[in-house]
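Numbering (the numbering used here), first residue to last: 1 to 129.
Each residue gets a CB set at the ideal place from its N, CA and C atoms; glycine is no exception.
Notes follow once the structure below has been shown.
Shown next, in the form of structure tokens:
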């Protein structure tokens, strides 16, 4: 079984602020469910930046997006909106979603149409998974 440090060091930082499909073989070796597909990455944002992810979710039983720390533990979901799932998402007319990762409310950064995206709060961290 691969250690989390080995997985982290082996690739997440190679694609900062992108969201590629995670290698299924590596996921399986780390104890991942072979029936689940993961997209893992590393993000870094300045205080006045946001990362926008636009996607059309596949027709599946369930999906979610969440921010994690270095150990792949979720950030503080008790006090911050750090995740979105298929039941919470704000869908656009074309069934796509837009997730905005930012330190503060994206409307304060000038992003329009607040009802057309889901804000994921970085909990003040400048970088993470």
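CA nearest to the CA of residue i, picked from the options
i	options	result
residue 70	104, 28, 111 and 42	42
residue 86	30, 16 and 64	64
residue 82	91, 128 and 47	128
residue 90	118, 76, 68 and 124	118
residue 55	97, 23, 24 and 25	97
residue 62	16, 27 and 38	38
Whole-Å CB distance - residue i paired with residue j, under 8 Å assumed
i	j	result
residue 44	residue 106	Not really, about 17 Å apart at Cβ, beyond 8 Å.
residue 122	residue 102	7 Å
residue 17	residue 51	6 Å
Distance, residue j Cα to residue i Cα
i	j	result
residue 112	residue 49	14 Å
residue 53	residue 32	24 Å
residue 34	residue 14	24 Å
residue 68	residue 25	21 Å
Whether residue i touches residue j by CB criterion (9 Å)
i	j	result
residue 84	residue 36	no
residue 57	residue 93	no
Cβ shell of residue i (< 7 Å), same chain only, five flanking positions each side left out
i	result
residue 77	83
residue 66	74, 82 and 83
Neighbourhood of residue i by C-beta, 8 Å cutoff - its chain only, sequence neighbours within 5 removed
i	result
residue 116	90, 92 and 98
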